[in-house]
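Okay, structure first, notes after.
In the numbering used here, the protein residues as written are 87 to 341.
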């Protein structure tokens, strides 16, 4: 009987996704708690963003100058910077894009955008914790991240760390999301997150390959080796497509 029951089970790749209620369908007390946590997270980050560090560090100064000059001239790096490529393009590109949308190089607006992304990162943390260990763990993790002093302080100047934290948690959540889907194209999303993460903090390139290995193992376990290799390849290729334009630019400009 057990053998017959096992034989009747669909393959892992064809099983239904977990019966998990959507965010808006969570119990009201959970939604209220999450709303309070997110409100605190944004409030603290917005306060830091509107009360900037008086003497920002060299990295923040460089990012600020690169983003403003990119917005004004379309060129990466000011004439005074001998090696602007030493600063990764993720944050300057995002900030310059914001400046283009609002029509001015408003650094306060840039810091507030980072505060918004930091708040979304708190939401991502809740969703990850909820998927892995339940709602209570998700709320605790979100509360810790919302009030972590370094995450708050970093909003007082333009630094790549808050953006990297947003992209890393987004990538992890995307991996968990894609693992529940049946289509290979779902793995594009985590690849895009990890590619943007590499553009923001190059040392996190190793994270891409580490997660690709995890994806290979997970998809192999659920649907076979070929599926695992294909899923991992999609992640790596999507990440590479994000990074490739910067690599081509450096090859042209620096050689």
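Where is the CB? At the ideal position from N, CA and C, for every residue including glycine.
Is the beta carbon of residue i sitting closer than 8 Å to the one on residue j?
i, j, result
"residue 285", "residue 321", "no"
"residue 163", "residue 249", "no"
"residue 279", "residue 206", "no"
"residue 113", "residue 149", "no"
"residue 243", "residue 174", "no"
"residue 185", "residue 135", "no"
"residue 293", "residue 283", "yes"
"residue 271", "residue 208", "no"
"residue 317", "residue 305", "yes"
"residue 247", "residue 240", "yes"
"residue 225", "residue 210", "no"
"residue 281", "residue 312", "no"
"residue 300", "residue 171", "no"
"residue 262", "residue 307", "no"
At the level of alpha carbons, what is the spacing between residue i and residue j?
i, j, result
"residue 100", "residue 215", "At residue 100, the pLDDT of 45 sits below 50, so the modelled position is not reliable and the matter cannot be decided from this model."
"residue 221", "residue 116", "8 Å"
"residue 195", "residue 298", "35 Å"
"residue 133", "residue 231", "16 Å"
"residue 338", "residue 138", "36 Å"
"residue 119", "residue 276", "28 Å"
"residue 204", "residue 127", "8 Å"
"residue 157", "residue 107", "43 Å"
"residue 309", "residue 223", "29 Å"
Under a three-way DSSP split, which group does residue i fall into?
i, result
"residue 303", "helix"
"residue 263", "helix"
"residue 234", "coil"
"residue 192", "coil"
"residue 273", "helix"
"residue 243", "coil"
"residue 168", "coil"
"residue 206", "helix"
"residue 173", "coil"
"residue 320", "helix"
"residue 107", "coil"
"residue 141", "coil"
"residue 113", "coil"
With respect to 7 Å, is the separation between the Cβ of residue i and the closest non-hydrogen atom of the ligand MN below this value?
i, result
"residue 176", "Although the ligand MN was asked about, the structure shown includes no ligands whatsoever."
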